[in-house]
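Worksheet: the structure to be examined is printed underneath.
Residue numbers (my numbering): 204 to 339.
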């Protein structure tokens, strides 16, 4: 049986931490890191289910199912999270987008159009595929 998929979005918070929220379910999490935000959300899901079971309340049915969470970043949060690894110059080189424009996306000066998001995503997927095939 295939697992149900829950989409969750990861965003950088104003305080420099991260937030994660489910698109179609009432679950959220916060943390200083992406991992902490994800854990906070998962812990909250578990606490909600346990608490509701104890007091006989209803809770989202998805918590009784075998599910998988698909995490998605918005462009700015992704670039901030990986800023020590992926620079605007490097991303510009592999995507064909001007590095100054990527810097603007990274710092929230402007938001990329869908076509730019697709270019960035395709470039990263291509890089990932190439890296998967590297051997030494």
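We put the CB at the ideal spot given by N, CA and C, even for glycine. Computed from a predicted structure; not experimentally measured.
- Cβ-Cβ separation between residue 320 and residue 275: approximately 11 Å, too far for a contact (criterion under 8 Å).
- Straight-line measurement puts the Cα of residue 247 at about 24 Å from the Cα of residue 205.
- Residue 273 is positioned such that its CB atom lies closer than 8 Å to that of residue 208.
- If you draw a straight line from the Cα of residue 270 to the Cα of residue 256, it is about 19 Å long.
- Shown here, residue 204 sits in coil according to DSSP, grouped into three states, outside any helix or strand.
- Rounded to whole angstroms, the Cβ separation of residue 280 and residue 214 is 5 Å, and the two are in contact under 8 Å.
- In chain order, 209, 263, 265 place their CB closer than 7 Å to the CB of residue 228, counting only its own chain and leaving out the 5 sequence neighbours on each side.
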